[in-house]
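To start, the structure itself, in structure tokens.
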Amino acid sequence: MAGRFIVLEGLDGSGKSTQITLLAQALQAQGRKVHFTAEPTSSATGGLIRDTLSGSYARSGAELAALFLTDRIAHNVDPVRGFRRLLREGWDVVCDRYYYSSFAYQGLSTDLDWVLDMNLNCPDLAKPDLCVFLDVDYRSCKERLDQDRASLEIFERDPEQMNETRRLFLEVFRRLEGRENIRVVDANRSAGEVAEEILQLVNALEI
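So for the sequence shown, my numbering puts the first residue at 177; every next one is plus one.
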């Protein structure tokens, strides 16, 4: 039995980490094998990306999008750390961010169609069985970040940019309608209510 590839997306501060933990626990309780992963990865390319996100090294939107794609390809197919092998072995893979984040974040600063094309048409990238977008008001996300983080990454500092990122996420989802299984979940509710809806969406997958 093949595993399921599930992606959680959302603005920083939307509660992705909490929901990923709750989802993994629920799937394990069902007897599923679950592997948690995230982008950027811990690879050397992921390190270059993190240098940029922290503000230590400036890169253009196009350069950052290309680095994310390089990191994402290895994330899929690396013979040791790649998750596609795990999917074939029956593991459910739950990923914190995937190419949808590239569309929304790098799409603001470089050509969106180019970012879409190089990711959606890359033969080495698995297509998620389900993407869940945790939709939270950007002001609430910013308040959470300011309370919880000692330092903020470059995409977490400007609330208006966060609002524009949310707008682009939703625009991209409209463009991908019928091509990708994307569900927007109202995450302004309690963690338990959100987790219950996400689990229902995952259980409905026909894999």
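Glycine residues also receive a C-beta, built at the ideal position from the N, C-alpha and C atoms.
The Cβ neighbour count for G266, taken over all protein chains shown within 10 Å, is under 16; the residue is labelled exposed. For A200, the three-state secondary structure derived from DSSP is helix. Along the length of the stretch 257 to 290, whole beta strand (DSSP E) runs at least 3 residues long occupy 268 to 272, reported in chain order. Judged by DSSP in its simplified three-state form, V348 adopts helix. Straight-line spacing of the CA atoms in L198 and C298 works out to 31 Å. For R355, there is no enclosing beta strand (DSSP E), as DSSP marks it with neither H nor E. Going by C-alpha positions, Y281 is about 6 Å away from T341. Burial state of L381 is exposed, judged by a 10 Å Cβ sphere holding fewer than 16 other Cβ atoms. Using a C-beta cut-off of 8 Å, the stretch 183 to 193 makes no contact with the stretch 250 to 259, since fewer than three inter-stretch Cβ pairs fall below that distance. Between the alpha carbons of R365 and I358 lies a gap of roughly 19 Å.
DSSP places C307 in no alpha helix (DSSP H) but in the uninterrupted beta strand (DSSP E) bounded by 306 to 311.
The three-state secondary structure of G222, taken from DSSP, is helix.
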